[in-house]
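When the letters of the sequence shown are read in order and numbered with the working numbering, they come out as residues 1 to 150.
Scroll down for the structure; my scribbles are underneath it.
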Amino acid sequence: MSRNILLTVLIVAVLAGGGFLFYRELVKINPESGALSTPTQELVPVTSGQAGAQGSTEKKYHQTVTIDSQSFFFDPDAFRVKRGEKVTVSVRAHGDHTFVIDELKVHAKTPDGVTTKIEFTPEKEGAFRYYCDRPGHKEAGQAGMVIVEQ
Numbered sequence: 001m002s003r004n005i006l007l008t009v010l011i012v013a014v015l016a017g018g019g020f021l022f023y024r025e026l027v028k029i030n031p032e033s034g035a036l037s038t039p040t041q042e043l044v045p046v047t048s049g050q051a052g053a054q055g056s057t058e059k060k061y062h063q064t065v066t067i068d069s070q071s072f073f074f075d076p077d078a079f080r081v082k083r084g085e086k087v088t089v090s091v092r093a094h095g096d097h098t099f100v101i102d103e104l105k106v107h108a109k110t111p112d113g114v115t116t117k118i119e120f121t122p123e124k125e126g127a128f129r130y131y132c133d134r135p136g137h138k139e140a141g142q143a144g145m146v147i148v149e150q
């Protein structure tokens, strides 16, 4: 019987250790500021025109975008828009979340199982973080970036 208990404790320890290592990679602490940070995906300009066309550097803007809001992430986690033009974001929520862009004064609740349509017109250029303000969600990585350009 003690052998079964020892085996159970060993399995639990291995699973807990693996979970800790996974979480540590998912959410890292910035050694300089002590702030939580999450891995970011580099935003690469999308070229328009024919696939594989060389020399085209025209950026693709998404004035209408659909975002999936799930446990601790948004998909996509970045998109580009033009300043001064209306943006429509449709957020498909899987769970109760929010969609917030502080600098652009956007704050919307996104209830579970509902697609919420959010419209705004960015009047300033820059990179602005969007996130879910439910406790712990932004800190766990449920955030993205909207790039507003001329």
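The beta carbon of each residue, even a glycine, is placed where N, CA and C say it ideally should be.
Computed from a predicted model, the values in this text were never measured in an experiment.
Nearest C-alpha to I67 among E85, L7 and A93: A93. As computed with DSSP, E149 is found in a beta bridge with K82. Counting only residues of its own chain and dropping the five nearest sequence neighbours on each side, V91 has a CB closer than 6 Å to the CB of I67, S69, F99, T110 and T116. Look at D102 here: in three-state DSSP terms it is helix. Sequence-distant partners of F73 (beyond 5 residues in either direction) whose C-beta falls short of 7 Å from its own C-beta, in its chain, are G141 and Q142. Spanning the alpha carbons of Y131 and A13 requires a straight line of approximately 34 Å.
Note on H107: under 16 other CB atoms within 10 angstroms of its CB, so exposed under the neighbour-count rule.
For K138, the CB contacts under 8 Å within the same chain, skipping 5 residues up- and downstream, are Y131 and C132 in chain order. T8 has its alpha-carbon roughly 52 Å from the corresponding atom of L104. When the Cα atoms are used, R83 and R134 turn out to be separated by approximately 28 Å. In the structure shown, the three-state DSSP call for S71 is coil. Rounded to whole angstroms, the separation of the alpha carbons of T64 and I101 is 16 Å.
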